[in-house]
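There are 2 protein chains.
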Amino acid sequence: MSRVTGKIKRMSLRYALVGLLAEEPMSGYDLTKRFAVSLANAWPAQHSQIYPELARLLDLGWIRQTGQGPRGRKVYEATPEGVSALREWLTSTEPDRTLRHEPILRAFFRWTLEPDQAAQQFRTDARAYAAKLAELEDLAGSLDWESSPADRCGRLALEAGLRLYRLLSEWAEWAAERVEAGTLDDSDPPA
Amino acid sequence: MSRVTGKIKRMSLRYALVGLLAEEPMSGYDLTKRFAVSLANAWPAQHSQIYPELARLLDLGWIRQTGQGPRGRKVYEATPEGVSALREWLTSTEPDRTLRHEPILRAFFRWTLEPDQAAQQFRTDARAYAAKLAELEDLAGSLDWESSPADRCGRLALEAGLRLYRLLSEWAEWAAERVEAGTLDDSDPPA
DNA sequence: CTATACATGTAACAAGTTACATGATTAA
DNA sequence: TTAATCATGTAACTTGTTACATGTATAG
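Residue numbers (our numbering), protein chains in the order written: chain A, 25 to 215; chain B, 25 to 215.
Printed below as a string of structure tokens:
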């Protein structure tokens, strides 16, 4: 869908906003918090990206304002048109399954460091991922995941984050061990 | 008062180019292929991003042209200044360990679909990841990973990709099974 | 000859980040 | 009263994608 002069726009953020507002009416501020916690490991976004997108969604008629609160708080909900567009996106466009992760890129170039230092960096990665995993486990444990289909679906998605951070931590630890075993030495590699 | 922009530029592409050219002299065309194969699962990049960046690197003195070939081919290598800057990046800047992956985002919103369709999408994901894994396994099998520290380091990085695609495939399969077991049904969730 | 791969570049746009900017409400 | 949090927005810039644009060498 959404081809403008042949260019395919992804607009993941746009659909994510509609999706969150389809679940429950919320303000831009609330949405920002959602992107900082549950969605942080799938599609992080800042408020500076969210507010202008909400304006565009209002314009499209995919969301509407349903209330207001103190301090200029504006509460929105998804319209039927918005939910319909979200479903269209989910069913009629191909997901982008690209992986792009800076720590893996860095790993490619650690042969330029002293092996000791390279190994240490892999261990730092491992610890950082373990910390992220612990954070996510806290989040997973603190929420009520059985209350609605949306929450249970969120739990399925969050599971990916848990598994990914566990994997990355183990990978980095494994790489550190390989480097310590001499993998990056100039001389012959170990058996 | 020094508000001299505390803007942290990441410039991963810049350092990746220097890193590849530190290993072996290459042209922009060769680099583009590297980003399309071995680096595709860590930091994909198109030629339209690579050529302008090479010009900037020349300007910085981090690379230099060492030869030319037919059809205007230009071969570059990293300078000592470039390698030094790469090492500085690796040792003195914090990696961005963010995960951003569209299929996980989509998973959050599949509660808006019929459970059957949601399960089918998870199975499609699983198959797509398995295909990516098979591709990467081919690549891993086709290269000589023992010839240099750089190659052996590349193998460590590539291992992350192998493990990630395996994990994502298994996760999607698991999610499909959960959905088929009734996780997204309106009624009570299964035990 | 002619299609494919090689080879380099630019332009227009989309997406994302950091900083700037402002102000209201609430709790200590 | 003052710091933290709530709350919304814009500006400037960086990064990444798709399309445009051009031309050469080689293999069938």
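For every residue, glycine included, the Cβ atom is placed at its ideal position computed from N, Cα and C.
Per DSSP, the continuous alpha helix (DSSP H) segment holding residue 115 of chain A begins and ends at 104–116.
In this chain, the alpha helix (DSSP H) harbouring residue 176 of chain B covers 173–204.
By the neighbour-count criterion, in which a residue is buried when 16 or more other Cβ atoms sit within 10 angstroms of its Cβ, residue 158 of chain B is exposed. Ranked by Cα distance from residue 61 of chain A, the first of B/55, B/129, B/161, B/149 is B/129. The beta carbon of residue 153 of chain A is closer than 7 Å to those of 189, 192, 193, 196 in its chain, skipping five residues each way along the sequence. The Cβ of residue 86 of chain B sits no closer than 8 Å to any Cβ of chain A. Between residue 74 of chain B and residue 52 of chain B, the gap from beta carbon to beta carbon is short of 8 Å.
Just measuring C-alpha positions, the residue of A/44, A/50, A/209 sitting nearest residue 140 of chain A is A/209. Residues of the region 115–133 of chain B with a C-beta atom less than 8 Å from some C-beta of chain A are 115, 119, 120, 121, 122, 123, 124, 125, 126, 127, 128, 129, 130, 131, 132, 133, listed in chain order. Within chain A, the C-beta atoms nearer than 7 Å to that of residue 107 of chain B come from 136, in chain order. Per DSSP, residue 151 of chain B has no beta-bridge partner at all. Around the beta carbon of residue 149 of chain A, a 10 Å sphere encloses 16 or more other beta carbons of the protein chains shown; the residue is thus reported as buried. Proximity of chain B to residue 100 of chain A at the Cβ level (cut-off 9 Å) is not reached, the minimal Cβ distance being about 16 Å. Of the candidates A/40, A/77, A/49, the residue whose Cα lies closest to the Cα of residue 59 of chain A is A/40. For residue 191 of chain B, the residues of chain A that pass the 7 Å Cβ criterion are 187, 188, 191, in the order they occur in the chain. Within chain A, not a single residue places a beta-carbon under 7 Å from that of residue 56 of chain B; the smallest gap is close to 16 Å. If you draw a straight line from the Cα of residue 35 of chain A to the Cα of residue 81 of chain A, it comes to about 11 Å. About 7 Å separates the beta carbons of residue 170 of chain A and residue 176 of chain A, which is inside the 8 Å limit, making them a contact pair.
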